[in-house]
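To keep things clear, I will list the structure first and then write my remarks on it.
Number of protein chains: 2
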Amino acid sequence: MSFSNSSLKIALCQINPTLGDFNFNTTKIIEYIEMSRQNQADIIVFPELALTGYLPFDLIEYPSFRIQVERKILEIAAVVNQEYVILGAPAFFKDEDGSEKIFNCGVVLHNGKVVEYIKKALLPNYDVFHEKRYFTENDDPVPYLIGDLSIGLQVCEDMWDLPSSYDCKVTQVLDEKGANFFLNISASPFSMEKQEDRLGVIKKHVKKYGKPFIYLNVVGGQDEIVFDGRSIVVNAENDIIAEMKAFEEDFIVFKLADLYSSTVLREEKEITRYQMMIDAITLNFKDYIRKNNITNKIIIGLSGGIDSAVTAYLATLVVGKENVIGVALPSKFTASRSMTDLNQLVLNLGISLRNISIGGLYIELENLLEEHEFEKENLGIPEENVQPRLRGLILMYLANKLNGIVLSTGNKSEIAVGYSTLYGDTVGAKNLIGDIYKSELYKLVHYINRDREIIPDAIINREPTAELKPEQKDSDSLPDYTLLDDILTLFIDEQLSKHQILEKGFELKVVDKIISLVLKNEFKRAQMVQTVRLSEKSFGGGRMMPITHRFNP
Amino acid sequence: MSFSNSSLKIALCQINPTLGDFNFNTTKIIEYIEMSRQNQADIIVFPELALTGYLPFDLIEYPSFRIQVERKILEIAAVVNQEYVILGAPAFFKDEDGSEKIFNCGVVLHNGKVVEYIKKALLPNYDVFHEKRYFTENDDPVPYLIGDLSIGLQVCEDMWDLPSSYDCKVTQVLDEKGANFFLNISASPFSMEKQEDRLGVIKKHVKKYGKPFIYLNVVGGQDEIVFDGRSIVVNAENDIIAEMKAFEEDFIVFKLADLYSSTVLREEKEITRYQMMIDAITLNFKDYIRKNNITNKIIIGLSGGIDSAVTAYLATLVVGKENVIGVALPSKFTASRSMTDLNQLVLNLGISLRNISIGGLYIELENLLEEHEFEKENLGIPEENVQPRLRGLILMYLANKLNGIVLSTGNKSEIAVGYSTLYGDTVGAKNLIGDIYKSELYKLVHYINRDREIIPDAIINREPTAELKPEQKDSDSLPDYTLLDDILTLFIDEQLSKHQILEKGFELKVVDKIISLVLKNEFKRAQMVQTVRLSEKSFGGGRMMPITHRFNP
């Protein structure tokens, strides 16, 4: 095989593996190899950890995990002929002293055998990344040679080797060692601005080294994470010549020569911000249901507010309106307009509604607890909390009974300040909007309603209320959502300290209150359900906070 | 200062800092410095991260954290005269390119100034450890010199440098570079066998290098972790010459010359296994309450079973019997003997009892849900689950109302196989026995009752039951606890794969069932409350598992 052979063809397989489903993933990989072969591909590329799914976490520590990996690599290698397959997979090596080291690799298969392990050099270990827990770094990255063709093969983080982040400049090293082009296999989590960041880095490399860059990302939902695909090929002129689909599997074959031509092979239409948000959430939730092999009967408590309305809409996109069951759970504090509004919502969405008043139960509870200081007249937090908890109980009952799952409906602002009742409105198997601040949610609704009214205007225009006591409004206990969200973004997403937030001109009293609410609600978040990560700092695995501490940042 | 000056004195300060409480910790450190000075100490040593507490997690990423650390180090340095203070603290260094690196250090203070940063070489990043997320490794450990005295100063993991774990053999390097003795400052989490492991490693080093070893550990509870103190001094002859207290602050001063003598300076009496378990749990819980500055009113749902009984007993040890409120929540499925037994328990413990029957509420719920397929006659999981959820709701109400917290009472066996109702018996701020398997719990009870019957025999001898339907017994749906716990220990604690467990002679059907239960209940554990880590693999932060996956280990 010769670099001068410009008719040499490369296939990129943007697949959606299921974590730990070795049979499913192997079958898929072999299908893509065969499809690539039908397209006369010489080099067939799969994303990072395509064989196992990303990230196996502690599953990788079980001996049978290694056994499965090694067995399946051989099984795949067996179907590989004279083409070269580059497959993302872990590789297990024993030291002389018997200790095992695991590398995150591009495994090269050729003529029925493993011919090389290209090891990841830079291991991300921040936010949702925990690779140093499992993998060993490779401190000597080298290009992979096929005849006189030198491929600057690198794994995901290896391309994020900019000044100040890592000592080993992988792309530069590969360039110096004679790579003809760069090929990055990734499992790169989606966030709203991520594709822009990726393109920025890739274009910087191409500009600096004057060599083409092929970027292949995985696609699919995995717990709180969305892998968005959107693989790209940038030619030596630093133009994008191929884009792959966002949020779905995709496949492309092109000639090596195309990397040095200006012909655009494939263009994807641009996705607007809020469509992207919707696509990310729906892919994540669809895969959550499919990969866990659970029911698609979705139970959502509808309050007449915007959070549950948007959640119900998003659910219909994934499971269809016939599988979404709205549940109204009115109490004596529920305004009649709430019922009117949610009836309109149900009509607009075409979902079914169950109406279960918690009034009788609440009275029974009042009577039962009266001897235990229940205050019928003076409603405090304890009396407020029993209402969402009764609702949570009924929602979980319906889920159990109808073989469905409950969706929790808290938004990022609420979750941040703990404006929710644990075991009440927080119950559920999944939360779809937990990484969207309330003020952003209004913009999302505006987008959802772009062609026709789906979320009723009455819901949008109503002042937010938990309806746990008479005349209650969120603004009784929280600052205005725009102000709240501005400060939360600085404190949570940008990790600014209080003094830095104050420097931006916010009022001390408000900032103090918000930071204190965030800090003291860590215990609630520790028991909350997984959401869908849309930002660079969502609540969940990427934000590791102690519960017990006395630091005020 | 000269090594030949054998009258030189070393003070070890085994303190209990509060995470992120810079004022509290600084005051404490200065007090211990003054106490050491009154004892004519020349070298005053504090444990790993004594200034901040272990581990700050993402709090360390806030700029104000660095500011506080640097401010407080200067404040402490200001009180230091001609003595040398070795203080565990993070140190922040800027690279030429402006990027920040954080090292986990022994900071040496002398004559009002910072004179050296001894950087940790080996960063643990497994189980509950996440140091590579925050810290940079030091690949060139060197002893710290005071005149001709060469101190082999190392931080925690640096001593666990045995074959097969790390490339850098820190102790050996320090020996080769002329250390006169080793001084390890640690924040080492307790587990039942940990002290034995530590002694094993220390004695191996002393035997190999023929030099004394001083091991100083921190003490205190931090979220799920217990730091047990138990610092030790081993002389050049490889004998323990000083032991410090377990589970409390302690202080010792000794002469450098003592390291080369066989005089035993201090002995601690041995703690039995179950006393150690109790001490670890009570320290953790005491610090949870104190450091979070929360109430000491404890609410516990009492079922008449062993789990809630032991939890109530442990709570009395921490907050006193006058602050523990037992709550009986009988339903129509509650046997009369349950009430008799728990009344006896309450009497034995001297705690108060509230009796709140959920019968009426349950009937109200039956009636309400009848139109939604509630089956009064045929009790399935949905109908069973509403009972613990009603109980959870009432317990949380009482906690809110009485300004208390609920203790969750699941044991490790139950948590492992998901034999619990989410938002029901799992509610609470803390679980004290979640790292104790059921069969071990019986042994603990035997110890608790060693002098007199505290947990009534009737509770101990009763067959475990959830009492959610007539005649229900745990053994209807679970294997015998001894068998269950044996298999769980192999699968969870030892991380053996199924084929390895089968090789030990267990029945395929049983093993399959148990593994499948563990796997499919990851989603429950993800929403469960923190427990107290007693083993090397407890559920919680040290066991990172995906929810979505299809791997069967």
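Chains A and B, in that order, are what the protein sequence lines are.
Throughout the first sequence, residue numbering follows this note's numbering, covering 1 to 553 in sequence.
Throughout the second sequence, residue numbering follows this note's numbering, covering 1001 to 1553 in sequence.
Heads up, the beta-carbon is just placed ideally off N, CA and C, and yes, glycines get one too.
Exercise for the section: State the Cα-Cα distance for the pair L1365 of chain B and T1465 of chain B, rounded to the nearest angstrom. Expected result: 23 Å
Practice task
Note down, in chain order, every chain A residue with its Cβ under 8 Å from the Cβ of D1223 of chain B.
Solution key: P546, I547 and T548
Exercise for the section: Kindly list the residues whose CB is nearer than 7 Å to the CB of M1 of chain A, restricted to its own chain and excluding five residues on each side of it in sequence; keep chain order. Expected result: For M1 of chain A, the predicted structure reports a pLDDT of 47, less than 50, and the residue's modelled location is therefore unreliable. A value from the coordinates is still provided. Excluding positions up to five away in sequence, the list reads L8, D42, I146, G147 and L149.
Exercise for the section: Residues of the region 385-413 of chain A with a CB closer than 9 Å to any CB of chain B: list them in chain order, please. Expected result: N385, V386, R389, L390, G392, L393, I394, M396, Y397, L398, A399, N400, K401 and L402
Problem - Coil, strand or helix - M1001 of chain B by DSSP - result: Low confidence applies here, because M1001 of chain B scores a pLDDT of 47, under 50, leaving its location unreliable; read the following figure in that light. It is coil, neither helix nor strand.
Exercise for the section: Indicate whether at least one CB of chain B lies closer than 7 Å to the CB of Y62 of chain A. Expected result: yes
Problem - Chain-order list of residues whose beta-carbon lies under 6 Å from that of E1157 of chain B (same chain, five-residue window excluded) - result: L1122 and P1124
Handout entry: Bounding residues of the alpha helix (DSSP H) (the contiguous stretch that carries Y313 of chain A)
Key = I306 to V319
Handout entry: Short Cβ contact (7 Å threshold) for G1434 of chain B with I1415 of chain B
Key = yes
Problem - Minimum C-alpha distance to E1322 of chain B - residue among B:V1115, B:I1448, B:S1475 and B:L1349 - result: B:L1349
Exercise for the section: Verify the CB distance criterion: does P525 of chain A have a CB-CB separation below 7 Å to chain B? Expected result: Note that residue 525 of chain A corresponds to Arg in the displayed sequence, not to Pro. For R525 of chain A, the answer is no, since every Cβ of chain B falls outside 7 Å of its Cβ.
Problem - Residue-chain proximity (M1001 of chain B, chain A), Cβ-Cβ < 7 Å - result: With a pLDDT of only 47 at M1001 of chain B, under the threshold of 50, the placement of this residue in the model should not be trusted, and no figure is reported.
Exercise for the section: Output yes or no for whether 7 Å exceeds the beta carbon distance between M1544 of chain B and D58 of chain A. Expected result: yes
Practice task
Determine, using beta carbons only, whether T18 of chain A comes closer than 7 Å to chain B.
Solution key: yes
Handout entry: Contacting residues, own chain, Cβ-Cβ under 7 Å from K94 of chain A (five flanking each side not counted)
Key = E100
Handout entry: Residues bridged to H621 of chain A (per DSSP)
Key = There is simply no residue 621 of chain A to check, as chain A begins at 1 and stops at 553 in what is shown.
Exercise for the section: Using a Cβ-Cβ cut-off of 7 Å, state whether D559 of chain A counts as contacting chain B. Expected result: Nothing in the structure corresponds to residue 559 of chain A, since chain A is present only between 1 and 553.
Exercise for the section: Can you tell me which of the three DSSP states K255 of chain A falls into? Expected result: strand
Exercise for the section: Figure out for me which residue from A:N16, A:L347 and A:I381 has the closest Cα to the Cα of A246 of chain A. Expected result: A:N16
Problem - Three-state secondary structure assigned by DSSP to K1554 of chain B - result: Only positions 1001 to 1553 of chain B appear in the structure, and residue 1554 of chain B is not among them; the question remains open.
Handout entry: Test item: CB-CB of L19 of chain A and A187 of chain A under 7 Å
Key = no
Handout entry: Proximity of G1088 of chain B and F1046 of chain B at Cβ, strictly below 7 Å
Key = yes
Problem - Same chain, Cβ closer than 7 Å to Y481 of chain A, five either side skipped, listed in chain order - result: S413, K438 and S439
Practice task
Look at the Cβ atom of S331 of chain A, then the Cβ atom of Y362 of chain A, and state whether they are nearer than 7 Å.
Solution key: yes
Practice task
Please determine, among B:T1027, B:Y1423, B:N1235 and B:I1514, the residue with the shortest C-alpha to C-alpha distance to E1384 of chain B.
Solution key: B:Y1423
Exercise for the section: Give a yes or no on contact between the region 508-515 of chain A and the region 1069-1083 of chain B, applying the rule of three or more CB pairs nearer than 8 Å. Expected result: no
Handout entry: Cβ-based burial, D52 of chain A [other Cβ within 10 Å; buried from 16]
Key = One detail in the question is off: residue 52 of chain A reads as Thr in this sequence, not Asp. Buried, because 16 or more other Cβ atoms sit within 10 Å of the Cβ of T52 of chain A.
Handout entry: Selected residue, minimal CA-CA separation from C1105 of chain B, among B:V1114, B:E1494, B:I1118 and B:G1112
Key = B:I1118
Problem - Environment of S1352 of chain B [buried if 16+ CB atoms lie within 10 Å] - result: exposed
Practice task
Using only alpha-carbon positions, find the residue among A:I225, A:T263, A:G152 and A:V226 that is nearest to E243 of chain A.
Solution key: A:T263
Handout entry: Cα-Cα separation between V1107 of chain B and I1151 of chain B, rounded to whole angstroms
Key = 13 Å
Practice task
Would you identify the three-state DSSP class for C168 of chain A, choosing helix, strand or coil?
Solution key: coil
Practice task
Give a yes or no on whether 7 Å exceeds the smallest Cβ distance from N296 of chain A to chain B.
Solution key: no
Handout entry: Residues near V170 of chain A in its chain [Cβ-Cβ closer than 8 Å; skip 5 each side]
Key = A121, L122, P141, Q154, D158, M159 and D161
Practice task
Can you tell me which of the three DSSP states I1325 of chain B falls into?
Solution key: strand
Problem - Pairwise C-alpha distance: R230 of chain A and E1137 of chain B - result: 35 Å
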